[in-house]
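Engineer: Protein chains in written order, with the working numbering: chain A, 1 to 364; chain B, 365 to 728; chain C, 729 to 1092; chain D, 1093 to 1456.
See below:
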């Protein structure tokens, strides 16, 4: 879902696309460049020379800073380029060949990574959820249903916060999951591709130290929140830390100029820039959501973060697409369609207001 | 399901088990040895010497005989030891790394092979079915739902006949599936672990030549119908035949004394012994089914083959287990349980009648 | 090498092959059937019914008997069908994804298993040896040469006894290897496809209990010494025993009628039949070797077991092939060829003498 | 070798490292940042919004430009982040499971990618070479030595230009390899991590169009020549182009902000900046090489590119390491060590001269 290229939005010839910058762009949060401070850090250090593969001083400092922010001095921190890479590297490193990972059916690893986890040899056991979130009650039947050696052995629980459909875990929910995992000897892994907007989302009560305390592994996503690219992986469980650089290298994820990753996370985590800009993304989305609601549109689900899922009459779609880029999510009913709008740290207030104004004009 | 060891049936100390031969044994169809003619063939040729790895004369003859029986002179025939081995070898040989196989949720490869297919790198896309059978209507959404490179590419349709829950395909259903697969450039693969009882089952109208004509690959199961072990793989699609012995060897399936496989299939396929003994297995199951029905018991589904799924009151289970070995399939309702009884080519009429008599005595 | 089909020996049409039984057959030791006592055990129990997948009483008894013979009451014993299957199942279960196995360049897993180990994701680090045997001195540079995460991490040492070229380890050599492996945190795995002829070979001073004491995992080969098929895997290291049945099932090696394996090993291990018949195989080979030497032929290496490697003038090969089947091993020099003759438990004295007599007649 | 972290050069505490910028830095060519024009392109477009995953206009333009430069309008061009990622993605996409890749023993994939190729299931068949270059004569025995299904099937020839030890292919050599591969139905794949310095190296007579004409797949390395990161993959053989984006995504190599890759290659390939800056790197290395030679030092091999391999007395190493960072390559003899110096597009003339001056002072 997330990464599906909208079939309505095909590449146009160059001439036509010139006008594109005037379009309102809500297609995703990785369409942006980097935050100015990130770019500045890269530029200022561009002519320095460092050792490669993440063994440089910037990576060391960024890892220290993250360990401090998550209040977990013994956690291991690694920097990788992208989310699918992190997921496949972590899961293939954690699991024995006959072990499997449990995920929501909407989980990114289940549908949108081209079988990347299976390609490393592991089954993804998918669970239907009402809201993209796993709970002990949903997981227990999977564990009980795999009792012997004729089936895979469930070993990791994979969750995302924010989920792939924009919902958030509460601290109570995360704590319950963590306790359940301990009881059943499962590892808890949290995909934080959109962790920034989750932790600054409406109603969130989870902190970075909570994540380090309650999960075995999680990652802090940079790509979708201010970095050019990069995800900071935090391995809390000591037994999972051993030899992890071997896994990164083997899966092609050890960036030669590793310092680029350290530099970006240093810039983002200093003075909590990471969270400030995520809060902006959320505000822009909430303004869009309330503005659409005021115009009478409904939603697939009430979103607390930077992805919103309005429902439009099918007849309105062509007009919308003439001024705006977004993703078609699926049919709501015979004559309505759910779409996804995503804002980012770089979304301007005038863009949001401009779009809402245009939308009012289209109103059927 | 199929291969789950019944938790009620744990191994007993030797003394106790001595009496076991007097128990009625309906736990599965691979609990038997080999048909007398198979054993005779192995015994008579025991002191011959042949070249290894299936390059011997017996394998050549058995392959010729099978090609003749399936009326497909250009099919490639290989002999392997067991069903999971065949499934993982075939699917890993057919699929490109990013391609996936579609199966019913009850399909053997989805749950009961310990992730063997995923261990070779491929996702199994599971489909809910009412009766264990796939149809074009059930498959189409899977194909449509995987439109681009962010998801796996469906490429093989996996079906079983008889299915894992004892149902049968009709010729019309198989023809429709075959046409659908051709239209969507999918390969059709049929798991024939219980092909013998399927093709002799009540209402079956499919023949071996139909299978060769309508599928790209299928196998003729020996383990569950008269052989000590062994499955005869028939590759009909020319493009899938190339280099197949490399795949068998790499996955550990090339039996050193390959002649053992050729010999067994020669014995089974000559004079259609294979089908004669399967018909007996079906008759025994049908007698059990009608006998239980006459005593007032219901069934999960009406079975046409050698697996039947009666429903008993929970209170009756301990008594049943005192005289009989079978598999618990699952709960029917709060106070009833579905169980599975399986007959085989070796099941004796007196065993069936004896059990039915005992059951009548237990009746609550 | 071992399993290479000799290109000189192609399958002949049936008519021609009728005379083949009169040929002297030294092509390999898996060309035979089963020892009479093994066949008898299978026949006598053929109509018994047992639970499947190796959970039956015969497997339990055979495992107990083997634990007793190897004097290692806490070893886990599993039965699998063939050697490549055992190797790939064990190595993929033991190794983490980035770890590798060290083997002699002549090691079966390096060349003759169609990349079966690599297909499970692991590199085989090959070492040149003069005699097919690994030593601490040969292994140390491999360990030292893989110091960091840019390379695989050596973790298992794979050896065969007898080796693929017929040589034997001494107890002192095996002890030195075992100590080296402990020091460097490597697992020691011994492939016993030809263990029977090794332990009864000229000059052998290793016993089954030595193997259990000095290796982490080894297997007792049945296929090449009296069984129809089957290898008994013995896992001595407690940490490697956990969940091993999952690995067997996932790799397609869990035989449905597991009792066939238990029965065969029961028959072979009782009264040391296994070693008695291996001693015969060795005697036949030694008679061949001394007989050829007496006729003036040299050897690639002096063999202590049932594989011998005589060197013949190229000009003699056509005559040899007219009466005898064997494997061409490689060129000795411009005009001479090394060939391999293998005897077995079933080789008759008259066959050996008959061949030597014929050879004397051919003498150039 | 290439990527081995020099054990002599461990990370120092921050205080000490402050002085490091005054050290002469020849440790590798990926220690640098990006060329100013690359950085400018990233900065100028930073606030543009584009679709993700390489479907943007910059990638389209860069691919067009590269197709034009390589004079192969039907080649497919993809952009990936790093070299190991490219190698494992290409090879796992090209090979059937039982097929293998032939490489020089010094080939990057054989030792320095932590078994990345094997982790995708494929054996790397390594060949001893005098100079890091493969030839038909060296490859033929590998092809002939793998005749049947008991061994892997060689299918790809992997070469690097420049090789991992700094040598270059000539057009005649590449043509011979290409013809050999066609004859034996092998694919020819060229790793171009250091293609820039190769094509501008002393004595080179190969052009980009030659590569497109003579190889099936090759890549143009950006990481080591002016980019922050990025490799441009060029797939010439039509049969290998199909569905390649699936492979990239599955292996974790599809960069969300794909435009970063397109932008960098646009900047590098315009006006042949890519080759101009590589020529500078070569000049700096050649000046180092001749300067060292003038001071009486020998070399492992005469280098034509930006990696040189001088031999120093062991006693000199501590002094060298006090002013200079480089990699220790191995022992030359009992008292001498081969080291590697690498220059880059960013190496300053004053750095080279400064170092040579210092070296003269150290002279033993």
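Cβ coordinates follow ideal geometry from the N, Cα and C atoms, glycine included.
So with Cβ pairs under 9 Å, would you call residue 739 of chain B a contact of chain D?
Structural biologist: Since the first residue shown for chain B is 365 and the last is 728, residue 739 of chain B is missing from the structure and cannot be characterised.
Engineer: Could you name the residues of the same chain whose beta carbon sits closer than 7 Å to that of residue 1118 of chain D, not counting the 5 residues immediately before and after it, in chain order?
Structural biologist: 1416, 1417, 1418, 1433, 1434, 1435
Engineer: Taking the beta strand (DSSP E) that residue 523 of chain B belongs to, which residues open and close that run?
Structural biologist: 517-524
Engineer: So is residue 394 of chain B in contact with chain A if we call contact Cβ pairs under 9 Å?
Structural biologist: no
Engineer: Starting from residue 190 of chain A, follow its DSSP beta bridges and name the residues at the other end.
Structural biologist: Bridge partners of residue 190 of chain A: A:159, A:218.
Engineer: Under 6 Å Cβ to Cβ from residue 655 of chain B, same chain only, skipping five residues before and after it: list those, please.
Structural biologist: Excluding sequence neighbours, residue 655 of chain B sits near 720.
Engineer: What is the rounded straight-line gap between the Cα of residue 99 of chain A and the Cα of residue 801 of chain C?
Structural biologist: 28 Å
Engineer: In the DSSP assignment, the beta strand (DSSP E) including residue 1194 of chain D goes from what residue to what residue?
Structural biologist: Element bounds for residue 1194 of chain D: 1191-1196.
Engineer: Please report how far the alpha carbon of residue 105 of chain A lies from the alpha carbon of residue 145 of chain A, in whole angstroms.
Structural biologist: 17 Å
Engineer: Going by beta-carbon coordinates alone, are residue 406 of chain B and residue 723 of chain B separated by less than 9 Å?
Structural biologist: no
Engineer: For residue 1354 of chain D, which of helix, strand or coil comes out of DSSP?
Structural biologist: helix
Engineer: Under a Cβ-count criterion, where at least 16 other Cβ atoms within 10 Å of its own Cβ denotes burial, should residue 1091 of chain D be classed as buried or exposed?
Structural biologist: Coverage of chain D is limited to positions 1093 through 1456, which leaves residue 1091 of chain D absent and any answer about it impossible.
Engineer: Tell me whether residue 1298 of chain D sits in a helix, a strand or coil according to DSSP, three-state version.
Structural biologist: coil
Engineer: Of the residues that make up the segment 243-269 of chain A, which ones have a beta carbon closer than 7 Å to any beta carbon in chain D?
Structural biologist: 246, 249, 250, 251, 252, 253, 255, 256, 257, 260
Engineer: Kindly say whether residue 370 of chain A, judged by its beta-carbon, lies nearer than 9 Å to any beta-carbon of chain B.
Structural biologist: There is simply no residue 370 of chain A to check, as chain A begins at 1 and stops at 364 in what is shown.
Engineer: Could you please give me the residues that DSSP links to residue 1035 of chain C through a beta bridge?
Structural biologist: C:1070
Engineer: Hey, out of C:1009, C:1015, C:1082, whose CA is closest to residue 760 of chain C's CA?
Structural biologist: C:1009
Engineer: At 8 Å on the CB atoms, spell out the chain A contacts of residue 1207 of chain D, in chain order.
Structural biologist: 250
Engineer: Using the Cβ count rule (16 or more neighbours within 10 Å means buried), how would you classify residue 302 of chain A?
Structural biologist: exposed
Engineer: Count the other C-beta atoms from every protein chain shown that fall within 10 angstroms of the C-beta of residue 614 of chain B, then say buried if there are 16 or more, exposed otherwise.
Structural biologist: buried
Engineer: Identify which residue in C:1060, C:808, C:1048, C:993 has its Cα closest to the Cα of residue 924 of chain C.
Structural biologist: C:993
Engineer: On the premise that residue 1193 of chain D lies in contact with residue 1235 of chain D, defined as a C-beta separation below 8 Å, what is that separation, rounded to the nearest angstrom?
Structural biologist: Wrong, their Cβ atoms sit about 12 Å apart, outside the cutoff.
Engineer: Name, going along the chain, the residues of the segment 1178-1203 of chain D whose beta-carbon falls closer than 9 Å to a beta-carbon of chain B.
Structural biologist: 1184, 1185, 1188, 1189, 1190, 1191
Engineer: Between residue 1138 of chain D and residue 1362 of chain D, what straight-line distance do the alpha-carbon atoms span, to the nearest angstrom?
Structural biologist: Distance between the alpha carbons of residue 1138 of chain D and residue 1362 of chain D is about 20 Å.
Engineer: Per DSSP, what are the beta-bridge partners of residue 1061 of chain C in this structure?
Structural biologist: C:1064
Engineer: Where does residue 1170 of chain D sit, in a helix, a strand or coil, going by DSSP?
Structural biologist: Here residue 1170 of chain D sits in strand by DSSP.
Engineer: So, using beta-carbon positions, are residue 955 of chain C and residue 803 of chain C closer together than 9 Å?
Structural biologist: no
Engineer: Given that residue 847 of chain C touches chain D, what residues does it touch there, using C-beta distances under 7 Å?
Structural biologist: 1189, 1213
Engineer: In the segment 948-1026 of chain C, which residue ranges form an unbroken alpha helix (DSSP H) of at least 4 residues, counting only runs that do not cross its ends?
Structural biologist: 972-978, 987-997, 1001-1022
Engineer: Among A:192, A:347, A:348, A:329, which residue has its Cα nearest to the Cα of residue 339 of chain A?
Structural biologist: For residue 339 of chain A, the closest alpha carbon among the candidates A:192, A:347, A:348, A:329 is that of A:329.
Engineer: Give the C-beta separation of residue 229 of chain A and residue 1349 of chain D to the nearest angstrom, bearing in mind that I take them to be a contact with Cβ-Cβ under 8 Å.
Structural biologist: 6 Å
Engineer: Which of the residues in the segment 1227-1253 of chain D, read from start to end, lie with their CB under 9 Å from any CB of chain C?
Structural biologist: 1237, 1238, 1239, 1240, 1241, 1242, 1243, 1244, 1245
Engineer: Between B:447, B:530, B:650, B:528, which has its C-alpha nearest residue 585 of chain B's C-alpha?
Structural biologist: Looking at the Cα atoms, B:447 is the closest of the given residues.
Engineer: Could you work out which residues of chain A lie near residue 1315 of chain D, taking near to mean beta carbons separated by less than 8 Å?
Structural biologist: 256, 257
Engineer: Roughly how many angstroms separate the alpha carbons of residue 726 of chain B and residue 684 of chain B, rounded to a whole number?
Structural biologist: One C-alpha to the other measures close to 8 Å.
Engineer: For the alpha helix (DSSP H) holding residue 459 of chain B, just list the boundary residues, first then last.
Structural biologist: Segment: none, residue 459 of chain B is in no alpha helix (DSSP H) and carries neither H nor E.
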